[in-house]
Amino acid sequence: MGMPKPGSLAPAFTLTDQNGNKISLKDFQGEKHVVLYFYPKALTPGCTIQACGLRDSLRSLEQLESVALGVSPDPVARLKKFEEKEGLNFTLLSDKDHALADKFGVWGLKKFMGREYMGI
768 MGMPKPGSLA PAFTLTDQNG NKISLKDFQG EKHVVLYFYP KALTPGCTIQ
818 ACGLRDSLRS LEQLESVALG VSPDPVARLK KFEEKEGLNF TLLSDKDHAL
868 ADKFGVWGLK KFMGREYMGI
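Numbering (this note's numbering) for the sequence shown: 768 to 887.
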């Protein structure tokens, strides 16, 4: 599946957060704009820089009545460790079977340093 077209409804989802809670897109319907942030792997240098940047600018999103949700294929325990180590102040969601990443067209064949693999 490819990325949703601008103006179309986002695909519905329910995923588990870093605290073991089920979070659904519909939880925010009519209340907040949702910013989905997909990243390949928690606790890696590049993803940590991005997550900390989002952490540091979250207040600007909140002023726009928005909520940020980080999505990765990591297990819940790794997400919790990431949150605690970096002082993250937003929800992290485990997309371990990459179903949501597939729906948004961000999961696929990647090439890095001569190696091919599936990922975000």
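Glycine is no exception: its CB is placed at the ideal position from the N, C-alpha and C atoms.
All of these numbers come straight from a predicted model, not from anything done at the bench.
- Between F805 and the set R882, V873, K878, the nearest pair of CA atoms involves V873.
- Note that the C-beta distance between L859 and Q785 is below 7 Å.
- Distance from the Cα of P773 is smallest, within the candidate group L792, R882, F871, for F871.
- In the structure shown, the three-state DSSP call for G875 is strand.
- In summary, C814 is buried, with 16 or more beta-carbon neighbours lying within 10 Å of its beta-carbon over all protein chains present.
- Here L821 carries a helix assignment [DSSP, helix/strand/coil].
- The C-alpha of V801 is placed about 9 Å away from the C-alpha of E832.
- Taking 7 Å as the cut-off, the Cβ atoms of L828 and A818 do not count as close.
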